[in-house]
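Here is the structure we will look at.
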Ligand code: TMP
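Numbering (our numbering), first residue to last: 1093 to 1292.
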């Protein structure tokens, strides 16, 4: 069975990751571009949960329901057709963000959130992690309008720490990109990383 490749873009709010994803769409025209939360009704429920004072487990399970639907309706079929799929956020967002929201509720929250994905998620082949000083990240989010409960410096520091921990645990899957540079040069660097990876 021909198998496509799954590439994910990750990082805290305010790294400029979504603008880079748009740039990549121009540069990799044959790839399937997607995102989490998705645009379907579960994704919309997830967006409501972000704006509300929801129980953190309930929030995780909503994000996971969205992920399950995303995998079965889009990711798996596209990979089966041999396509390259590039997703703006994916499972590592759960490990990093819900690893933070659940840190007082379960032991080793990152590993616990990972464990509830095991057996049914599809692990990315390459994950590009964008990092930036959380102070800069929050000021960039400010430009977008009201801050969500996640767009706070202290919270994003923990989330970025979780991302870096994930990258440390799986260095073969992650490439870390400093998102403080100019968007054009970040776009060129990411394009080079992806092109190199697709040649393998
Ligand atoms: P977005 O800004 O990329 O649309 O993502 C919405 C917010 O949801 C952002 O603060 C990151 C957060 N998030 C999680 O907490 N867990 C997840 O699994 C995903 C996909 C996003």
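Even for Gly, the Cβ is constructed at its ideal location relative to N, Cα and C. These figures come from a predicted structure and were not determined experimentally.
In the three-state reduction of the DSSP assignment, residue 1103 falls in the strand class, which pools E and B. The straight-line gap separating the alpha-carbon atoms of residue 1138 and residue 1212 is approximately 20 Å.
With a cutoff of 9 Å on beta-carbon distance, residue 1099 and residue 1223 are scored as not near each other. Taking 8 Å as the cut-off, the C-beta of residue 1255 does not count as close to any heavy atom of the ligand TMP. Residue 1268 is bridged by DSSP to 1221. Taking 8 Å as the cut-off, the C-beta of residue 1142 counts as close to a heavy atom of the ligand TMP. With a contact defined as Cβ atoms closer than 8 Å, residue 1113 and residue 1180 qualify at about 4 Å.
In the pairwise beta carbon analysis, the stretch 1147-1162 is classified as touching the stretch 1192-1200: at least three pairs are separated by under 8 Å. Rounded to the nearest whole angstrom, the CA to CA distance from residue 1256 to residue 1122 is 30 Å. In the displayed model, residue 1290 falls within a helix according to three-state DSSP.
For residue 1279, the number of other beta carbons within 10 angstroms of its own is at least 16, and it is reported as buried. Distances between the C-beta of residue 1288 and the heavy atoms of the ligand TMP are all 8 Å or more.
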